[in-house]
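**Q** Sharing a structure below in structure tokens format, with a few things to ask.
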Amino acid sequence: MIIESLTIQEIFDSRGEPTIEVELVVPGHHSFLAKIPSGKSRGMHEAAVLSYADAQKVLHDTLRTRVIGLDFQTVKELDTFLIKLDGTPQKEKLGGNVMLGVSIAFARALAYEKGKELWEMLHDEFFPRTDISKQPLIFANLINGGVHADNNLDIQEYMAVAEPRAGYRETVQKLISLYERLGFVIEEERGVNPHTSRGVGVKRLPLGDEEGYEVNFKDNFAPIAIMEKLIRESELQGEFRIALDAAASEFYKDGKYVFGGKALTTDDLVAQYEAYFKKSDLLFSIEDPCDEKDFDGFKEMVKRAGDRWVVADDLTTTDPRLIDRYAEERCMTGVIIKANQIGTLTETCEAIHVAQKRGIRVVVSHRSGETDDAFLVHIAKACGADGVKIGAPAKERIIKYDELIRLYS
Ligand code: PGA
Ligand code: ZN
């Protein structure tokens, strides 16, 4: 399929910060868009993000002269060409955000040409033997901390993990009501009367970057205790559990973890998490428990976590080589997949392949700065992901939930 034209617009993400939208036109004047999300707690190996001005420069100086008019038959063909054209380890020249925009918009064009959904096209090209009837768990961030919130929590995300036992529509509905009731409980705990005309929880509590509640708590364990109690009182413990994303690189300072007001060693921190696992039966997984360079901490966490998942995000940054290496070294049992960490769909799918081959659970994830583009749900469906990580079921995040319902109904 020939790429007839490419344009880049400056748009804004859910934090109100600039990001880019790539528009690609193919013969017949059909145009296809891709909107790129942006992260705040970013791993050091992530692909470079170009500003809008630099992206425009790349578009005019390189993409328009080197890519327009070329004919690519597959996403892999295009991505391989772009990777070679960029030629840098972290995509500093063309920008991971620009390359991913072109990659996704082109995949949408190919899907359109074949009369397929994006996920079907990705499935056929990258995962032809994968069972697409698999239903991913939903990781929904209900309480925000760390760099995603203005509160006293060191842990960045407290998520509900929902198993779609009765289908996604019903599960999402239960998740929405759990989120609302959680707001109610948090207000009561803070001594606020939730029974007022101004609405409860989500309608008036402060919300963090991923629309989870961002109030102060007694300590880092308190949100787990509140969520566990609520899930049990709602008799949802068969379908709902709890996940954490510590995003520990963000509280690692001068060789120590500044956690709960104390400076902890790796051993202290892992022991703290282990104590959390002992106290909470519903605690299901922990993401980035340690700093992205603290491989021994990850390894120790895996040893002590039993059957709970230890998920890597900043450690692996959707890089197939890093995933392979840290899977081999038993630093994780699950991995976060974020296409913009690596910068093309082809490498994203390769990262998933490597994880699946090594028996590592795959969780396809949003970023904290999101757009209304739901491509992550298509990647998840195409590869038979074990989980999707989406944020709270509210505001701009609801777009991904709605796409989940549509694709899995
Ligand atoms: P980010 O964080 O999108 O701000 O990088 C999300 C995460 O750590 O999972
Ligand atoms: Zn993370």
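Reminder that position 247 of the sequence shown reads as 245 in the working numbering, one-by-one numbering, no gaps.
Using N, Cα and C, we set each Cβ at its ideal position, and we do this for glycine too.
Since this is a predicted model, take the numbers as computed values, not measurements.
Taking 8 Å as the cut-off, does the region 9 to 21 touch the region 87 to 100 (at least 3 CB pairs, one atom from each stretch)?
**A** yes
**Q** Looking only at DSSP bridge pairs, what is residue 155 linked to?
**A** The partner list for residue 155 (beta bridge, DSSP) reads 142, 243.
**Q** Thinking residue 153 and residue 242 are a contact (beta carbons under 8 Å), I'd like their distance in whole angstroms, please.
**A** 6 Å
**Q** Using 8 Å for Cβ pairs, my map puts residue 108 next to residue 176. What's the rounded Cβ distance?
**A** Between residue 176 and residue 108 the Cβ distance is about 39 Å, and since that is not below 8 Å, they are no contact.
**Q** Taking the CB atoms as reference points, tell me whether residue 140 and residue 166 lie closer together than 8 Å.
**A** no
**Q** Compute every distance between the C-beta of residue 290 and the non-hydrogen atoms of the ligand ZN, then say whether any falls below 7 Å.
**A** no
**Q** Taking 7 Å as the cut-off, is the CB of residue 154 close to at least one heavy atom of the ligand PGA?
**A** yes
**Q** Check whether the Cβ of residue 334 lies closer than 7 Å to any heavy atom of the ligand PGA, and answer yes or no.
**A** yes
**Q** Look up residue 16 in the DSSP assignment and say whether it is helix, strand or coil.
**A** strand
**Q** By Cβ distance, which residues of its chain are closer than 7 Å to residue 350, with the 5 residues on each side in sequence left out?
**A** Closer than 7 Å at Cβ, skipping near neighbours: 335, 360, 381.
**Q** DSSP state of residue 356, grouped into three classes?
**A** coil
**Q** What residue range is occupied by the uninterrupted alpha helix (DSSP H) comprising residue 417?
**A** Because the chain here runs from -1 to 407, residue 417 falls outside it and cannot be looked at.
**Q** Considering just the uninterrupted stretch of the beta strand (DSSP E) at residue 5, what are its terminal residues?
**A** Judged by DSSP secondary structure, residue 5 falls within the beta strand (DSSP E) whose first and last residues are 3 to 10.
**Q** Contact check, residue 244 vs residue 287 under 8 Å by CB: the rounded distance?
**A** 5 Å
**Q** Per DSSP, which one or two residues make a beta bridge with residue 28?
**A** 24
**Q** Take residue 409 and list the residues in its own chain whose beta-carbon comes closer than 7 Å to its own, dropping the five residues that flank it on each side.
**A** The first residue shown for the chain is -1 and the last is 407, placing residue 409 beyond what the model contains.
**Q** If we ignore side chains and look at the alpha-carbon of each, how far apart do residue 278 and residue 16 end up?
**A** Rounded to the nearest angstrom, the two C-alpha atoms are 40 Å apart.
**Q** Look up residue 340 in the DSSP assignment and give the residues it is bridged to.
**A** For residue 340, no pairing in a beta bridge is given by DSSP.
**Q** Please go through the same chain and pick out, in chain order, the residues whose beta-carbon is closer than 7 Å to the beta-carbon of residue 227, but skip the five residues on each side of it.
**A** none
**Q** In the structure shown, what three-state DSSP assignment does residue 281 receive?
**A** strand
**Q** Does the ligand PGA have a heavy atom nearer than 7 Å to the CB of residue 400?
**A** Every heavy atom of the ligand PGA is 7 Å or more from the Cβ of residue 400, so no.
**Q** Taking 7 Å as the cut-off, is the beta-carbon of residue 37 closer than that to any non-hydrogen atom of the ligand PGA?
**A** Within the cutoff, so yes.
**Q** Of the choices 294, 329, 52, whose alpha-carbon is the least far from that of residue 308?
**A** 329
**Q** Measure the C-alpha to C-alpha separation of residue 387 and residue 339 and round it to an integer number of angstroms.
**A** 15 Å
**Q** With DSSP run on the structure shown, which of helix, strand or coil describes residue 69?
**A** strand
**Q** For my contact list, residue 392 and residue 209 are in at a C-beta cut-off of 8 Å; report their separation, rounded to the angstrom.
**A** Correct: roughly 5 Å between the Cβ atoms.
**Q** Any idea what DSSP makes of residue 174, helix, strand or coil?
**A** Residue state, collapsed to three classes: helix.
**Q** Going by DSSP, name the residue or residues bridged to residue 211.
**A** 141, 205
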